[in-house]
Amino acid sequence: MSRSPAISSLPALSRRAVLKTAGAGVALAAAGFPSRLLAADPIKVAAIYTVPVEQQWVSRIHKAANAAKERGDIEYVYSENTSNNDYERVMREYCEAGHKLIVGEVFGVEEAARTVAKDYPEVAFLMGSSFKPDAAVANFSVFDNYIQDASYLSGIIAGAMTKSKNIGMVGGYPIPEVNRLMNAFMAGVKESAPDTKFQVAFIGSWFDPPKAKETAFAQIDGGADLLYAERFGVSDAAKERKVLAVGNVIDTQKDYPETVVASALWHFEPTLDNAIGAVKAGSFKADDYGVFSFMKAGGCSLAPLGTFEGKVPAEVMAKVAEKEKAIKDGSFMVEINDAEPKSS
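Using mature numbering (1 follows the signal peptide of the UniProt record, and there is no 0), the letters of the sequence shown correspond one by one to residues -39 to -1, 1 to 305.
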């Protein structure tokens, strides 16, 4: 795997502290990408991350990019720990180096990132964003991890496994991409245990395991016997205090075999592969790739239960299977609720 030097180790700004973006409410469809972008195999792809590649969210993008590289579809380089102050400069450097697709996360640098895209109309940009695409920036597409389907299913399991009917939830920031997963999880919990209470907290960081762990300890002291681990560090607290945890985005069951009972997984491959195909076909345009994270698109799933196989009541797993089938065939839709979840 190839990487460019980390530009800065400064912590990333809150994704909620975004700059004003132009045309945030413009419709998804946009003018087609220039046909002269038709690329030969493999195409040069660069990714820019504000956190280490080990971080949950970024690790899924990194995994998908490496899979595409191994297939021979792309050449792949990346920068990690890039501060928001350096983000625009790194974007421009990759563009100047001839990369045809830039992938990243611009939650804190929306305006600057879209300005770069305007300056390099023959480069495709696929960026994690809380905003929508802008028809005026035809080469800038957005995505987010819409894995509310899998989060909902993990909640059904969690509701059946909590005995105290008190669940702790630790998130990074109360922004849409986090809120929608927490809300879906809570809705799933109430399918199994409608009288469950929730302790909700945000640590103000995307990567601070010690702070997440201490916050989780406080929730356990407050009566929680199961934790929703949106951040690294929460499952460590659960393991130490011998309570259960539900994972998010990645599967950590092997690392916490007696702790993590279920996880909602994000699969970035459908998102990235569709973008790569569009670049190769010369058809890349401003669009919202968020739909490729839905379960029916193969963008998310419920992780195998591993050591908890057989420990979750059979009737609960039957309900999970029923709901999963309905989600995939479109007869049931998990609500996308981006409002900040509250303790209850």
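From the three backbone atoms N, C-alpha and C, an ideal C-beta is built for every residue, glycine too.
According to DSSP, is W18 part of a helix, a strand, or is it coil? Helix.
What did DSSP end up calling Q109 once you bin it into helix, strand or coil? Helix, per DSSP.
Return the bridge partner residues of Q160 from the DSSP annotation. Paired residues: G129.
Using DSSP with H/G/I as helix, E/B as strand and the rest coil, what is Y55? The three-state secondary structure of Y55, taken from DSSP, is helix.
Per DSSP, what kind of secondary structure is G267 in: helix, strand or coil? It is helical.
Please list the terminal residues of the continuous alpha helix (DSSP H) segment that includes K174. Counting along the chain, the alpha helix (DSSP H) containing K174 begins and ends at 170 to 182.
If you check the beta carbons only, do A236 and F229 fall under 8 Å apart? No. Outside cutoff.
R32 burial status per 10 Å Cβ neighbour count (16 or more: buried): With a 10 Å radius around the Cβ and a threshold of 16 neighbouring Cβ atoms, R32 comes out exposed.
For A242, count the other beta carbons within 10 Å of its own beta carbon; 16 or more makes it buried, fewer makes it exposed. Which is it? A242 comes out exposed.
From A179, T213, V252, pick the residue whose C-alpha is nearest to that of residue 318; which is it? For the chain, the structure presents residues -39 to 305; residue 318 sits outside this window and is missing.
Could you give the first and the last residue of the continuous beta strand (DSSP E) run that contains residue 325? Nothing in the structure corresponds to residue 325, since the chain is present only between -39 and 305.
Smallest Cα separation from V12: which of P171, E49, N45, V6? Measuring from the Cα of V12, the nearest candidate turns out to be N45.
Are E66 and M88 touching if we call contact CB-CB under 8 Å? Cβ atoms of E66 and M88: closer than 8 Å.
Given this structure, state the Cα-to-Cα distance separating A(-13) from T123, to the nearest angstrom. Confidence at A(-13) is low in this model, with a pLDDT of 33, below 50, so the placement of that residue should be treated as unreliable; the coordinate-derived value is given next. Distance between the alpha carbons of A(-13) and T123: 43 Å.
Express the C-alpha separation of G120 and S153 in angstroms, rounding to a whole number. Going by C-alpha positions, S153 is about 5 Å away from G120.
Buried or exposed by the 16-neighbour rule on C-beta atoms within 10 Å, applied to E285: E285 is classed as buried because its beta carbon has at least 16 other beta carbons within 10 Å across all chains shown.
Can you look up M256 in the DSSP assignment and give me helix, strand or coil? Shown here, M256 sits in a helix according to DSSP, grouped into three states.
Excluding the five sequence neighbours on either side, which residues of its own chain have a C-beta within less than 8 Å of the C-beta of A8, listed in chain order? Around A8, the same chain offers I22, H23, A26, Y37, V38, Y39, S40, I63, V64, G65 as residues with beta carbons nearer than 8 Å, after the five sequence neighbours per side are excluded.
In whole angstroms, what is the alpha-carbon distance linking F168 and N209? The C-alpha of N209 is placed about 14 Å away from the C-alpha of F168.
Buried or exposed for P94, please, with buried defined as at least 16 other CB atoms from any protein chain shown within 10 angstroms of its CB. That one is buried.
Express the C-alpha separation of P3 and P302 in angstroms, rounding to a whole number. Roughly 43 Å separates the two Cα atoms.
CA-CA distance, residue 312 and S90? The chain is shown only over -39 to 305; residue 312 falls outside these bounds and no answer can be derived.
Span separating the alpha-carbon of D197 from that of M130: Cα to Cα, the separation comes out at about 14 Å.
Collapsed DSSP secondary structure at Y10 in the structure displayed: Note: Y10 maps to coil in three-state DSSP.
Please report the distance separating the alpha-carbon of P155 from that of V207. Whole-angstrom Cα-Cα distance: 18 Å.
Considering just the uninterrupted stretch of the alpha helix (DSSP H) at M147, what are its terminal residues? It spans 137 to 153 - the alpha helix (DSSP H) in which M147 sits, taken as one unbroken run.
On the criterion of 16 or more Cβ atoms from any shown chain inside 10 Å, does G59 qualify as buried, or is it exposed? Exposed, because fewer than 16 other Cβ atoms sit within 10 Å of the Cβ of G59.
Buried or exposed: where does M143 fall if 16 or more other Cβ atoms within 10 Å of its Cβ makes it buried? Answer is buried; the Cβ neighbour count reaches 16.
Exposed or buried, which one is K61 when buried takes at least 16 other CB atoms within 10 Å? K61 counts as buried, since no fewer than 16 other beta carbons sit within 10 angstroms of its beta carbon.
K200 - DSSP class collapsed to helix/strand/coil: Looking at K200 - three-state DSSP - the assignment turns out to be helix.
Keeping to the same chain, check which residues put their C-beta closer than 6 Å to that of I288; ignore five residues upstream and five downstream. Scanning its chain for C-beta atoms nearer than 6 Å, with the 5 sequence neighbours on each side dropped, one finds around I288 the residues D110, M256, in chain order.
Alpha carbon of D249 to alpha carbon of N106, nearest angstrom: Spanning the two alpha carbons is a distance of roughly 12 Å.
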